[in-house]
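Here the structure comes first, spelled out in C-alpha cells, and everything after it is commentary.
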Amino acid sequence: MNPFKRFTGIVAPLDRSNVDTDAIIPKQFLKSIKRTGFGPNLFDEWRYLDRGEPGVDSSNRPLNPEFVLNDPRYQGAQILLARDNFGCGSSREHAPWALDDYGFRVIIAPSFADIFFNNCFKNGLLPIVLSTEIVDKLFQQAAGEQALELTVDLQAQSIILPNGEGIGFEVDEFRKHCLLNGLDDIELTLQHVDAIKSYEAARQQQAPWLFS
Amino acid sequence: MKTLYDKLWEAHIVRSEADGTSLLYIDRHLVHEVTSPQAFEGLRLAGRRPWRTGANLATPDHNVPTQNRDEGIVDPIARLQVETLGKNCREFGITEFEMDDIRQGIVHVVGPEEGATLPGMTLVCGDSHTATHGALGALAFGIGTSEVEHVLATQCLIQKKSKSMLIDIEGKLGDGVDAKDLVLAIIGKIGTAGGTGYAIEFAGEAIRNLSIEGRMTVCNMTIEAGARVGLVAVDETTIEYVKGRPYAPEGEVWDQAVAAWRDLHSDEGAHFDRIVTLDASQIQPQMTWGTSPEMVVPVTGVVPDPAQEPDPAKADGMRRALEYMGLEAGTPCSEIRPDVVFIGSCTNSRIEDLRDAAAIAKGRKVAKSIKQALVVPGSGLVKQQAEAEGLDKIFIQAGFEWRDPGCSMCLAMNADRLEPGERCASTSNRNFEGRQGAGGRTHLVGPAMAAAAAVMGHFVDVRSF
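Shown next as C-alpha cells:
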C-alpha cells in the first residue's frame with residue numbers, strides 16, 4: 357500500500373444519502389478475480405445510460421449527463437463528498453477498489469457504514485466523518501461554478517479550504533499510522549506470531565472442540 | 004457483569020494496543036467464490052499458507068446456476084470465478100462443498116446446518132450477512148477481501164470493539180407474523196443506520212420463542228440496521244439445534260462444550276450503551292415499499308407520503324424511492340402487484356421458511372399475472388429435506404419453479420434476475436436500486452407473505468388466509 361501523503365484535489369458532490377455498495381459497484385462486476393480495473397464501472401447504473409457488462413470497454417458507452425461524475429467541473433476529482441450512511445450494504449471490497457481505481461483518495465460524509473469504512477483503510481482510501489452542518493456547507497461550495505478544491509493533510513488531521521481556513525477531523529491513531537506509512541496489516545500481525553501461538557495453545561486446552 | 008458480546012470478545016483477544024485496537028482470534032472462516040480470489044492471490048504473491056487450514060470451509064453460492072447444473076456454468080466469467088475457488092481450495096487444502104455436493108448451498112445456511120458454526124465461536128466471512136451465525140451465540144461478522152486474506156494468513160483480525168445495543172422484544176408475535184416481520188419492524192424503528200457502530204443483542208420473550216431458523220432470519224438482517232454483529236444468547240433451543248450435526252463435538256467433549264455454552268448470555272444488570280424495546284404483539288406483517296430496508300410499512304397500510312415527512316433529506320430520499328419503485332403515495336399495499344416472486348436467500352431459504360411458504364401455496368395456484376415464481380432452497384440438504392416432506396410437489400403443482408441452491412435472485416449474479424421495471428415480492432434482505440437486476444423493483448417480505456402475493460397476484464395480509 358502506498359503511503360498517504362498530503363494532497364490538494366477537486367471535490368465531487370454526490371448529494372444523496374444511503375448510497376449502497378450495489379450502487380457503487382453493481383454485482384455483475386464482482387465476478388472479476390482481480391483487484392484492479394473497477395474504476396470505469398464505479399456507479400455504473402447512475403453514470404451510464406446503458407447497462408454495463410463486465411469485459412466491455414466503457415469508453416464509448418453513453419454517459420448520463422445528469423450524473424455528477426459526468427459534470428465537466430468535477431473531472432479528475434479526488435475527493436468524494438457524500439451524505440449519511442455512505443457505503444451501506446454488502447462487504448464487497450470491490451467498492452473501495454472501484455473508488456480508488458477511479459482516482460478518489462478521500463470520501464467525506466456525515467456517517468459511513470461500518471464494513472465499508474473499515475475496507476477503505478485497507479486500500480489507502482481515507483474516509484472522513486464531518487458534522488452535517490459542515491458537510492452542508494461543503495455541498496454549497498462544491499456546487500459553485502468553479503469546482504471546490506480542498507487540501508487534505510492527514511498528519512495534521514486537517515482539511516484546508518481555499519480561503520486557508522482549516523477543518524479538523526478525527527481519525528483512529530492506529531489507522532492513521534498505517535495509512536501514513538503505507539503499512540500492510542498482515543506484516544504487522546505476523547510480528548506477533550508467538551502471541552497467536554500461545555493464545556491458540558491455551559484455547560485448545562479450554563475449548564478443544566474448536567480445534568477438531 | 005458482562006454482556007454476551009463482552010464475553011465473546013474477551014475470550015478471543017490475542018493482544019491489545021493501548022487505544023483498544025485488538026488482535027482477535029478467529030475460530031471459523033467461511034469462504035465463497037466472490038470475495039476470496041484476490042485474497043488467495045495475495046497469499047500466493049507473498050508466499051504464505053493458511054495459518055490453520057481446518058478453520059476454513061468453502062462453498063460456491065453467489066454465482067451458481069439454480070437449474071440445469073449438469074450443463075455447468077454458461078457465463079464464462081462466473082465459471083472462472085467458481086473454478087478459481089475450487090483451484091484455490093485444492094491448492095491450499097481447504098474443504099470445499101462443490102456444486103455437485105449435496106452439502107453445497109448458501110454459506111450462511113451451510114455453516115449452521117453442518118455444525119461448522121458453534122456457540123462461542125468467532126466466525127467471519129467475506130459477506131455482510133455473516134451476522135446470521137450470531138443466532139447460535141457466535142460472534143460473527145462480515146469482512147472485506149483484505150481481511151479474508153488477513154484471517155487466512157494469521158487466523159486473526161485487527162479489530163476495535165463496538166458499542167453494545169440490546170433490542171428487547173417482549174410479548175408474543177401474533178399468528179401469521181414471523182421472524183422476517185419482526186426484523187423488518189426493528190429496522191423500520193431504528194433505521195438503516197441505527198445500529199452503525201454497535202453490536203446488537205436480540206433478547207426478550209419473542210426471541211426466546213423463535214426457532215434457530217427464525218433467530219437466523221433476525222440476525223441475518225442486522226446489517227440492514229447498520230450493525231455488523233447480531234447476537235442471541237444460548238439456550239436449550241440452541242443446544243438442541245447443534246447436537247448431532249456433522250461438525251459438532253461428541254461424547255465427553257460435547258458435555259464440556261455444553262457446559263461452557265451455558266454461560267453464553269448477558270449477565271443480569273450488564274451495561275448496554277443503548278437499549279431499544281418493542282412489543283411483539285403490536286407487530287403486523289411487514290413489507291418494504293422503497294429502496295432502503297427502513298422504508299417499510301405493515302401490509303395493512305399504505306405507501307407513505309413524503310409530504311408528511313418533516314426531515315427534508317428523508318423526504319427527498321422518499322420521493323426518489325417512489326419514482327424508482329413506480330409507486331404513488333397513499334396507494335394501499337394490497338393494490339401493489341408483483342410480476343415476480345422470489346422465495347430464497349440467506350434470510351429465508353431454510354426448511355422452516357419453505358414450510359411456511361408451502362402451507363400457503365398448498366392447493367392454490369400462482370396467479371396468471373405472475374411471470375415467474377421461484378423457490379430456491381438454501382442448500383442441497385434443505386432441498387433434500389423439503390423433497391422428503393413433499394414440499395417440492397406442493398410448489399410445482401401451484402406453479403412455482405423448484406430450483407437448486409444458491410444466492411440466486413437475492414443479488415442476481417447468476418441468470419436469475421429481474422428485467423428493468425419488473426416488480427418482485429422477495430424474501431431476500433435488500434431492496435436497493437438494481438439489487439435484483441438493473442431497474443428491478445424489490446419488495447421485501449417473509450416467505451408466507453411472498454407465497455400469498457404469488458397466489459393472489461397482489462400483496463395481501465397473510466393472516467387472512
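Chains as they are written, first to last, in my numbering: chain A, 357 to 568; chain B, 4 to 468. In this text, a Cβ means the ideal position worked out from N, Cα and C, and glycines have one as well. These numbers come from a predicted model, not from an experiment.
Per DSSP, the bridge partner or partners of residue i
| i | result |
| --- | --- |
| Lys166 of chain B | B:Tyr201 |
| Cys159 of chain B | B:Tyr28 |
| Trp405 of chain B | B:Val378 |
| Phe144 of chain B | B:Val127 |
| Leu60 of chain B | B:Leu33 and B:Thr98 |
| Met290 of chain B | B:Val300 |
| Ile366 of chain A | A:Glu505 |
| Ile278 of chain B | B:Leu169 |
| Cys234 of chain B | According to the sequence displayed, residue 234 of chain B carries Leu and not Cys. In DSSP, Leu234 of chain B forms a bridge with B:Glu204. |
| Ser429 of chain B | B:Phe345 and B:Leu447 |
| Tyr404 of chain A | A:Leu419 |
| Pro40 of chain B | Pro40 of chain B pairs with nothing; no bridge assigned. |
Residue i - DSSP class collapsed to helix/strand/coil
| i | result |
| --- | --- |
| Asp9 of chain B | helix |
| Pro483 of chain A | strand |
| Gln496 of chain A | helix |
| Asn358 of chain A | coil |
| Gln431 of chain A | coil |
| Cys413 of chain B | helix |
| Ser149 of chain B | helix |
| Cys444 of chain A | strand |
| Val2 of chain B | Not covered by the structure: residue 2 of chain B. The range shown for chain B is 4 to 468. |
| Phe423 of chain A | coil |
| Ala182 of chain B | helix |
| Gly522 of chain A | strand |
| Phe460 of chain A | coil |
| Gly75 of chain B | coil |
| Val17 of chain B | strand |
| Leu517 of chain A | coil |
Sequence-distant residues of the same chain with beta carbon closer than 7 Å to residue i, five excluded per side
| i | result |
| --- | --- |
| Gly200 of chain B | Ser165 and Lys166 |
| Gly333 of chain B | Val305, Val306 and Asp308 |
| Asp540 of chain A | Met357 |
| Glu436 of chain B | Thr294 and Tyr327 |
| Lys387 of chain A | Pro410 |
Spatially closest choice to residue i from the options, by CA coordinates
| i | options | result |
| --- | --- | --- |
| Thr220 of chain B | B:Ile399, B:Arg248, B:Val261 and B:Gly347 | B:Gly347 |
| Val465 of chain B | B:Val261, B:Phe398, B:Glu404 and B:Asp359 | B:Asp359 |
| Leu510 of chain A | A:Ser446, A:Ala563, A:Val375 and A:Asp528 | A:Asp528 |
| Leu142 of chain B | B:Ala156, B:Ser131 and B:Pro122 | B:Pro122 |
| Glu36 of chain B | B:Thr69, B:Glu86 and B:Asp73 | B:Glu86 |
| Leu234 of chain B | B:Ala251, B:Arg211, B:Pro252 and B:Pro249 | B:Arg211 |
| Lys317 of chain B | A:Lys387, A:Asp440 and A:Arg448 | A:Asp440 |
| Ala58 of chain B | B:Ala361, B:Phe398, B:Asp342 and B:Val154 | B:Val154 |
| Ser352 of chain B | B:Gly320, B:Trp405, B:Leu160 and B:Gly229 | B:Trp405 |
| Glu449 of chain A | B:Ser39, B:Met290 and B:Pro53 | B:Ser39 |
| Lys5 of chain B | B:Val112, B:Trp54, B:Glu204 and B:Ile105 | B:Glu204 |
| Gln384 of chain A | B:Asn434, B:Gly460, B:Met412 and B:Phe462 | B:Met412 |
Cut-off 8 Å between Cβ atoms - residues of its own chain near residue i, not counting five sequence neighbours on either side
| i | result |
| --- | --- |
| Ile215 of chain B | Pro115, Ala138, Leu139, Thr240, Thr241 and Tyr244 |
| Asp378 of chain A | Gly445 and Ser446 |
Cβ neighbours of residue i in the same chain (closer than 6 Å, five flanking residues each side left out)
| i | result |
| --- | --- |
| Leu33 of chain B | Leu60, Val110, Gly114 and Cys128 |
| Ala182 of chain B | Leu213, Gly217, Thr220 and Val221 |
| Arg444 of chain B | Met328 and Arg426 |
| Ile397 of chain B | Ala361, Ala364 and Lys365 |
| Ser467 of chain A | Asp440 and Asn441 |
| Thr507 of chain A | Thr364 and Ile516 |
| Trp402 of chain A | Phe423 |
Proximity test, residue i beta-carbon vs the ligand ZN heavy atom, cut-off 6 Å
| i | result |
| --- | --- |
| Asp378 of chain A | As for the ligand ZN, it is missing from this structure, which has no ligand bound. |
Of all the residues that make up the stretch 193-207 of chain B, which are near chain A by a beta-carbon distance shorter than 8 Å?
Thr195, Ala196, Thr199 and Gly200
To be precise: take each residue of the stretch 16-45 of chain B, compare its Cβ to all Cβ atoms of chain A, and keep it if any distance is under 7 Å. Which residues remain?
Val17, Arg18, Glu20, Asp22, Thr24, Leu26, Tyr28, Asp30, Val37, Thr38, Pro40 and Gln41
Residues of the stretch 243-264 of chain B with Cβ closer than 7 Å to any Cβ of chain A, in chain order:
Pro252, Val256, Ala260 and Ala263
Return the residues of the stretch 407-431 of chain B that lie within a Cβ-Cβ distance of less than 7 Å from chain A, sorted by chain order.
Answer in chain order: Leu414, Ala415 and Met416.
Between the stretch 105-138 of chain B and chain A, which residues of the former have CB atoms less than 9 Å from a CB of the latter, in chain order?
Leu121, Gly123, Met124, Cys128, Gly129, Asp130, Ser131, His132 and Thr133
Using a beta-carbon distance cut-off of less than 9 Å, what residues from the stretch 378-392 of chain A approach chain B?
Asp378, Ala379, Pro382, Lys383, Gln384, Leu386, Lys387, Ser388, Ile389, Lys390 and Arg391
Interface residues of the stretch 535-556 of chain A facing chain B [CB-CB below 8 Å]:
Asp541, Ile542, Leu544, Thr545, Leu546, His548, Ala551, Ile552, Tyr555 and Glu556
Residues of the stretch 450-461 of chain B with Cβ closer than 9 Å to any Cβ of chain A, in chain order:
none
For the stretch 52-71 of chain B, list every residue whose C-beta sits within 7 Å of some C-beta in chain A, in sequence order.
Asn66
Interfacial residues, the stretch 75-103 of chain B to chain A, with Cβ spacing under 8 Å
Near chain A, meaning a CB-to-CB distance below 8 Å, the residues of the stretch 75-103 of chain B are Asp78, Ile80, Ala81, Leu83, Gln84 and Thr87.
Interface residues of the stretch 415-446 of chain A facing chain B [CB-CB below 9 Å]:
For the stretch 415-446 of chain A, which is checked against every Cβ of chain B, the residues closer than 9 Å are Arg439, Asp440, Asn441, Cys444, Gly445 and Ser446.
Note down, in chain order, all residues in the stretch 512-537 of chain A with a beta-carbon under 8 Å from any beta-carbon belonging to chain B.
Asp528, Glu529 and Phe530
Interface residues of the stretch 430-448 of chain B facing chain A [CB-CB below 7 Å]
Against chain A - using a Cβ distance shorter than 7 Å - the residues of the stretch 430-448 of chain B are Arg433, Phe435, Glu436, Gly437, Arg438 and Ala441.
Could you please tell me which residues of the stretch 145-162 of chain B, in chain order, have their CB closer than 8 Å to any CB of chain A?
Under the 8 Å Cβ criterion, the stretch 145-162 of chain B contributes Gly145, Ile146, Gly147, Thr148, Ser149, Glu150, Glu152, His153, Ala156, Thr157, Gln158, Cys159 and Ile161.
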